[in-house]
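If you're matching them up, the sequences are chains A and B in order.
If you count the first sequence from 1, position 719 lands on 719 in the numbering used here, and the numbers rise without skipping.
If you count the second sequence from 1, position 210 lands on 1174 in the numbering used here, and the numbers rise without skipping.
In what follows, a single structure is set out as structure tokens and then discussed.
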Amino acid sequence: MRLRPDVSVVVIAYNDARRLPRAVASSLAQSLGGVETVIVDDASTDGTGEIADRLAAAHPGRVRAVRLPSNSGGCGRPRNAGIEASAGRYLMFLDSDDLLDRHACLNLLAAAEDTGADLVSGRCDRIFLDVPEGAKGRVRPWYSWLYRRSAVYGSLSENPRLLYDTLSTNKAYRRGFLDEHGLRFVERLHYEDLLFTAEAYLAAERTALIPPRVYNWFVQERTPTPSISNRRAEPANFADRLEIHRRIDMMFALRGAHDLRRAKDVKFINHDLGLYLRELRDRDPGRRERFLDLAAAYLAELDPCAFELARPLPAIAAYLIREGDHEGALAAAGYRPDERPELRARLVERDGRVFWGAGRPRGRLGRRILDVTGLGFHVRPLRELRPANTVTRLEMRGDRVLMAGHVLNPLDRIPPDAELAGTLEFRDRRRRSRRARARATVRHEGDRLAWRSQFAPAERIRPVGFVDPVWDVRLRIRVDGEDVVTRPGEGRGSPPLSGVALPVRPRLTRLAADRLRSYVTEGGHLAFALEAAGPWGRLAGAAARCAARSPAGRLARRGARSLGEAVRGRLTARETKIAVFNRVLSRLPVRPGLVVFESHLGRDYSDNPKYIYRELRRTGRPVTAVWSYASSPEGFPGDATLVRRGSWAYFLALARAQFWIDNQGYPDGLRKRPETTYVQTWHGSAFKLMGLDRPRLKSGPAADRARLRRMAERYDCFLVRSRHDAETLCRGLGVRAELLPSGYPRNDPLVNGVDGDPEPAAEAAALRASLGLADGRRAVLYAPTFATGPGGRPVGLLDPPVDPERFARELGERYVLLVRPHYLCRANVPPGARAVMRDVGAVPDVTPLLLLADALITDHSSIMFDFALLDRPIVLHLPDGRDLTTGYFDLERHGPGPITRTEDELVAALAGLDAAEAVHAARRRAFAARFGEHDRGTAARTVVDRHFPAARPSHRGKRNGRTA
Amino acid sequence: MAAPREVFIVCNNADEMGGLQRWAHHMARLLAGRGDRVTLVGITRGPEPYHHGRDGSYAVEVLHREWRAPAMAWRPAKPLEHLNAVARGRELWRSAAQRRGAARLSELFAAAGPGAVVIVAQVWAMEWVRLADTSGLRVVAMSHESYKATRMSSRYRRVREHYADADRMLVLTAEDADAWARDGMTNVDHIPNALHVTPTVHPTLDLPVVACVGRLSQEKGMDLMLEVWERVSAAHPGWRLHVYGGGPDEEELRAQAAGISGSVEFRGVVADVEEALVEASIFALPSRAEGFPMSVLEAMAYGLPTVAFDCAPGVRVLIEDGRDGVLVPPGDTAAFAAALERLIVDRDLRRALGAAARASVLRFHPDAVLARWDRLFDLFHRGLDHRDLHHRDLHHRGPPPAVPERPAAPALEPRAGREAEPALGGDSF
């Protein structure tokens, strides 16, 4: 007698004779022995049934075929029939167009038996057949975060997020479990999986999850007959999904599982709704309305809590559908923060908060849901906002094309008096560097920017032909020197954008093509296809395509492309530059007096190098100064040569320099020649463990430690502020250079005051004026280090330490808070807080800020060591256990001021700042004396005297010390 | 007890003094001890053969007396490298030699008949097994280190390539198995190594000694241990640190230890860990990377409390922080020193953790581990009709050998003295 199989795989098929054998083969090839395969043919008309019979005949005892008498139109009835016809102790489902992983049955069975689970689920990979093999995005795991580790759950409420994975196919079910609970698929409705899995999750006494992939789901989006799950264009399909959701709601309600129902509703908002909304853009308006009405009716039934628990943008989309604002809803559904989204909605500022949508938010729920202040639209750089660009005109006038449109101006971030210049860019999608430009006029028009361009395409755009079939369009707007790149596309008020032909003359004669025909991409943007209109051109195009597709052509194309990329990559690679630096450039003669300055890897003109540079200039030393900048030369001194960090000019300057002066590090791998003197000023005393003292470096690979050692070995001179620096910082970094006990040049103005030196005084005054701090209130600087979020990455937005409303109410009359985030993050000061808070993240140099601040709030940032020199109050604000970081000393015992842990304590400390001076002043002075031992206001002079002695006519106060 | 099986264990070499080889011989003894017919196959001979307590209960085979061809296959990275005739020639030589070895392996496999299980312990050895005829056999490929360690080494690509087709890929912990599964290896499963010592005496936990056993190399972090000891010995001058093992960094470490008031003793390689562990009161594992640290397993079996950096899933599986040992964040030497000092001053804590360790280590008792292997073998033979197997047996190419070929006397007599076996060697793949 035949043994009862461990696992039965039910393969359902409908008119899929081509792929059925492949699916069955994946079931037959299972590494687990004795898997039973049951094929259920849903009354196909293309011979699928015969194929199934043949497969059954070829594998007697292993494959069975069942043929339904009439077509059911869904997956429910065939699967139910398969359950009845199979014998296995565990059941799995497979669709005829998909594949099981070779070890799927073994893995699921082993997990089921080991854990005693009724239901075991493994990862499902979606494979997008439209994406070429090996390309990014071809394989996308389905809710992979659920499957990161093996897990066993006693009930659904232990992890309601299981409800995100509603596929029935990547799971194995114990037959007894299905039978005991009468679990079967619902028939005559699509999305039967959703209800079935929800019921199964709810009924299962134990659910196990395993990380290995068990199921390959093949997705073909560009096909005339999409699979059921991808036929989202039909309203009936959506109605089915809503009906299924209502039944699930009912089921949860009957069991009194309201929490689970809410979790499911949140999933509906986060997942299901978005799927449809994102595709709605390109549907005709009538259909779109029908969809949205269906959705609105269902959303009205949901518990309002679900909106608040969902992710912000899907919640906005759902809420606005309920409220009838369809434009705003679609814009929110299309805005996916991790995918470089385009901002298509208007934003409004009300009561100091930023809200999504043009209208005023109504009610408490509306205000809570639509509040997008936390997304930082009001503080992020313009270029990151990517405002939508709607084309309103696209037409040929004679041989000139007229294009016009408008760009959103969210929150009036582009001020009316800004200097605007526009360029329309056409670029080859295959090679971005191939582009054509045309001028565009841009001006303010109400709450948006209107643009217009008219040019002769035949003169402006010269495609090559054949190799550049698709051209994208961008409108680059220069706003006061900052570039905002927008993508013109379809929107409300657009004429039909497809089919406008721009005559062009390709470089490969007109046989290659003679016009760019416009079309709208899937993302709703305008693009052009290069094509030939004339018969000869078409013939040539067909011939070229044929040649390109031939094996030889393909090989040649690939070879040419990879060769080009390799050569370009090799020539511009950092490794190449460093190798040339070491072997060639550093053999050139040194230029006496050439000094290369760099501050924070070229980020700005600031810190110690800035003050040494100024001292050199002030005393008229005959030096040639070069400053390196990372991204923009803005703000760097005009009387120095500026080179971009990493450019050939940069490496050449470094190779020939007599001095390197920086505060962080020049590129790793550069061998400093002995003739060059490297003055490493560093950028702060240390509280947190540094360099080799950091656990991460200690436990990491030896290569990281070697790298640090290589960096430190290049130093010839290292500035220290105290013995503490020598014992902690220098030891941690492994500095073996001369330690110059000069103190920090950037701190000279703090010690000397600004009276003696007009330059910092002017800087501070200008800063004070630009921040509007002339109303007699005291300025409190909030400057913490970055906080790390989950995953160890720095948190992107820094919130003020005190709720702005509360700050305004309790402290606003006396203080203005200057929020200075670590350079890795950005301050999120809500617009309503402008009266009492200022974002000073963009101020390049911190010294003037310290000069004008009357008090400092920080955590364990090294800024406290500098600010202490001013002898003004310092509060250490260490919420949520940030002081758990081990440092070089005990902050509580030796810190420069009181420690606060909560918002209340901080507010109290600020309110009683003067009263507390009696307690903290002495302690702060001791702190300043200990850590600013050598800061006497002569640091810049000491450094300059030490290294540039020759040109000084009078020899005064030269302190040339060496400390161990 | 399952029916006796044919089992092959294939390693790069079966006779070097290393942790992997010790595992292989222990595993072979365990399986043979309950009736399985075990053949231990080394692809080549080790440079300095060692007996590993061979007792004749299992066969030992070597495919190549000497492997002179390049160790690694030639993989030209750039088009121009394809023209390198010398490399091409060496590759031809290598593959010819490899095919000869694989043919020998096929013979061994054929003699066993269907249903046999081939356990491949290292990825280099897997190259031969893939070339050999394994039809009707089940192939288990093992990785004896953590996912992270493999990921950072050149082995990663070879594991992906050579282990993908194995019937099962085994790693040491569930966490590593999950990591491999996320990475697309769907055949992955995990079985820990079995405890291979049976303590006869236990330490009293009264002697002022901290023991540290491991190769003196970068990844075992002995430099961090000395850094820690510098802090500890200042406050507890009576305590001593015993370092067992040898390795490339010995000179450097001795120099580093010279600064620490003579309380560090380098005791070299020991054959018998018992001696080392019995006279200690605390065990320290300062490793930067680990797979499934057998030294901790041993220390726990002897009832020693362990302090370790939380550097790998294998360490977390063995030690539950605060219950049967102490885990500190990787590289945090201050925390490591603090943990040691806590144990140094608190004898009761040492006893409590030590007792818990002795109890918890029973999870890795050979019986428990063998049960997991049986479960794996059972999954392999699920649904295969016994009749079916029998039927195939009749048509087998030759009679299965009734008794596995006994090996000749061990290549070398066990060397006398303590230096014979390292307590733990790094797994060389």
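Glycine included, each C-beta is placed from N, C-alpha and C at the ideal position.
For E50 of chain A, list the residues DSSP reports as bridge partners. BP columns for E50 of chain A are empty, so no partner.
Taking only beta-carbon atoms, is G887 of chain A less than 8 Å away from chain B? no
My understanding is that R19 of chain A touches D97 of chain A, with C-beta atoms under 8 Å, so please give their C-beta distance in whole angstroms.
-> 5 Å
Taking the alpha carbon of R487 of chain A as the reference point, which residue from A:G137, A:P495, A:P496 and A:V520 has its own alpha carbon closest? A:V520
task: Just grab the DSSP bridge partners of D371 of chain A for me.
output: A:F355
| said: Quick check on D1019 of chain B - is its C-beta less than 8 Å from some C-beta in chain A? | reply: no
request  = Could you check if N1048 of chain B is buried or exposed, using at least 16 other CB atoms within 10 Å of its CB as the buried criterion?
outcome  = exposed
Can you tell me which of the three DSSP states E395 of chain A falls into?
-> strand
Practice problem: Leaving out five residues on either side along the sequence, give the residues of the same chain with a beta carbon under 7 Å from the beta carbon of R959 of chain A. | Solution: Residue placement at R959 of chain A cannot be trusted, given a pLDDT of 43 that sits under 50; what the coordinates show is reported in the next sentence. Correct list, in chain order: T942.
Leaving out the 5 sequence neighbours to the left and right, which residues in its chain are closer than 6 Å to H1028 of chain B when beta-carbon positions are compared?
-> T1008 and G1065
- Task: Compute the Euclidean distance between the alpha carbons of E565 of chain A and M1149 of chain B, then round it to the nearest angstrom.
- Result: 32 Å
Exercise for the section: Please confirm whether T373 of chain A and P830 of chain A have their CB atoms less than 8 Å apart. Expected result: yes
- request: Flag this pair as touching only if the stretch 8–17 of chain A and the stretch 80–91 of chain A have three or more C-beta atom pairs under 8 Å; answer yes or no.
  value: yes
Q | 8 Å contact criterion, which R460 of chain A and G422 of chain A should meet: CB distance rounded | A | Not confirmed; about 14 Å, so no contact.
Between the Cα of L330 of chain A and those of A:E738, A:E395 and A:A315, spot the shortest distance and give me the residue it belongs to.
A:A315
Simplified DSSP state of C75 of chain A, which is helix, strand or coil: coil
Distance, L1241 of chain B Cα to A1270 of chain B Cα: Checking the sequence shown, residue 1270 of chain B turns out to be Thr, not Ala. T1270 of chain B and L1241 of chain B: Cα-Cα distance of roughly 11 Å.
Kindly list the residues whose CB is nearer than 6 Å to the CB of R538 of chain A, restricted to its own chain and excluding five residues on each side of it in sequence; keep chain order. A532
* Whose CA, out of A:L108, A:A726, A:R838 and A:P758, lies closest to the CA of R778 of chain A? -> A:R838
- Task: Give me the Cβ distance between E1139 of chain B and P1277 of chain B, rounded to the nearest whole Å; I'm assuming they're in contact under 8 Å.
- Result: 3 Å
Under 8 Å between C-beta atoms of R1132 of chain B and V1104 of chain B
yes
Residues near P804 of chain A by beta carbon distance below 8 Å, same chain, minus five either side
G352, V829, P830, G832, A833, V836 and M837
Review point. For A104 of chain A, which residues of its own chain have a beta-carbon under 6 Å away from its beta-carbon, when the five flanking residues on both sides are left out?
Key: V214
Please report how far the alpha carbon of R946 of chain A lies from the alpha carbon of L870 of chain A, in whole angstroms. 26 Å
Margin query: Do L195 of chain A and R247 of chain A have their beta-carbon atoms positioned less than 8 Å apart in this structure?
Written below: yes
Report task. Counting only runs of 4+ residues fully inside the stretch 885–926 of chain A, write out the alpha helix (DSSP H) ranges in chain order. Result -> 891–894 and 903–911
Item checked: Below-8 Å beta-carbon distance, L106 of chain A vs any chain B residue -> yes
Would a check of beta-carbon distances place D46 of chain A closer than 8 Å to chain B? no
Where P1386 of chain B falls, given that 16 or more other Cβ within 10 Å makes a residue buried = Note that P1386 of chain B scores a pLDDT of 32, beneath 50, so its modelled location is shaky; the value from the coordinates is reported in the next line. It counts as buried.
Residues that V1104 of chain B bridges to, as DSSP identifies them:
B:I1083 and B:R1132
- Query: Since D399 of chain A and A438 of chain A are thought to touch, with beta carbons under 8 Å apart, how far apart are those beta carbons, to the nearest angstrom?
  - Reply: Not a contact, Cβ separation roughly 14 Å.
Original post:
So with Cβ pairs under 8 Å, would you call L697 of chain A a contact of chain B?
Top reply: yes
For the stretch 193–225 of chain A, list every residue whose C-beta sits within 8 Å of some C-beta in chain B, in sequence order.
I210, P211, P212, R213 and V214
Practice task
For Q454 of chain A, name the three-state secondary structure that DSSP assigns.
Solution key: strand
Q.
Between F1273 of chain B and F1300 of chain B, how many whole angstroms is the CB-CB distance? I'm expecting something under 8 Å.
A. 7 Å
task: Look at A112 of chain A and R174 of chain A and say whether their C-beta atoms are less than 8 Å apart.
output: yes
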